[in-house]
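A short worksheet on the structure shown next.
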Amino acid sequence: MHRTTTINFDVLADVKIGSKVAIGANNIILCTNEGCKSSKKSTLTIGERTSIGEMNNIRASGGDVIIGTDCLISQYVSIIASNHSTGLNDCVKDQPWDDEKTGVTIGNDVWIGCGAKILPGVTIGDGAVVAAGAVVVKDIAPYTINGGVPSKFIKARA
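So the mapping is simple: the working numbering equals the position in the sequence shown, first residue as 1, plus 32.
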């Protein structure tokens with residue numbers, strides 16, 4: 033792990049980082065429950081031999097972030113496990129987090145391209161590829177290539 037990367041977690045969080053994981057410079061990785069406006073316990077799991085590039089934002093607060101083995105996460109990627117509710121009667125910052133759509137699960141052998149955004153409630157199947165700049169708002173099938181805003185199926189891996 034590069035010395036400029038920050039991993040913040042509290043005593044209530046569950047953090048597991050596998051062997052031979054490489055984490056590049058200037059990443060912010062959070063796994064916190066304290067002060068969180070969610071009833072869900074946060075878990076962060078990074079599988080063995082996964083490589084995380086530079087300048088990424090991984091937030092496992094209010095939901096789990098599970099990253100499988102042998103994954104490649106490029107630079108400037110955001111992986112967000114939870115989101116604020118957006119009801120009309122209160123300021124967004126004062127509302128509890130949306131506990132219905134939480135967590136991100138990334139399978140094994142997944143490649144996430146530069147600048148991709150992975151939003152809450154998403155599962156990315158084994159062997160999938162997420163193109164640079166994609167915004168992933170729904171599940172991605174295994175061994176497929178997906179891209180765009182919002183992310184859509186492009187083709188199966190050959």
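All C-beta atoms, glycine included, are put in the ideal place defined by N, C-alpha and C.
Quantities reported herein were computed from a predicted structural model and do not represent experimental measurements.
The three-state secondary structure of Lys125, taken from DSSP, is helix. Across the set Ile99, Asn115, Ala166, the C-alpha of Ile99 shows the shortest separation from the C-alpha of Asp158. Along the length of the region 49-125, whole alpha helix (DSSP H) runs at least 4 residues long do not occur.
Each residue's CA atom was taken as its position, placing Gly85 and Ala57 some 7 Å apart. A straight-line Cα-Cα distance of about 13 Å links Gln107 and Ala166. With fewer than 16 neighbouring CB atoms inside 10 Å of its own CB, Arg189 falls in the exposed class.
No Cβ-Cβ contact shorter than 7 Å links Pro182 with Val161. Annotation for Pro174: Gly139, Gly157, Asp158, Gly159, Ala160 place their beta carbon closer than 7 Å to its own, counting only its chain and skipping 5 residues before and after.
Separation of Ile60 and Lys187 (C-alpha to C-alpha, rounded to the nearest whole angstrom) is 32 Å.
Taking Val124 as the centre and dropping the five residues before and after it, the same chain places the C-beta of His116, Thr118 closer than 7 Å to its C-beta, in chain order.
For Gly179, the uninterrupted beta strand (DSSP E) run begins and ends at 176-179, by DSSP.
At a Cβ-Cβ threshold of 7 Å, Thr82 and Cys103 count as neighbours. By DSSP's assignment, Asp46 forms a beta bridge with Thr75. A distance below 6 Å between beta-carbons, with the five flanking residues on each side excluded, links Ser51 to the following residues of its chain, in chain order: Glu80. The beta-bridge partner set that DSSP reports for Ala188 consists of Thr176.
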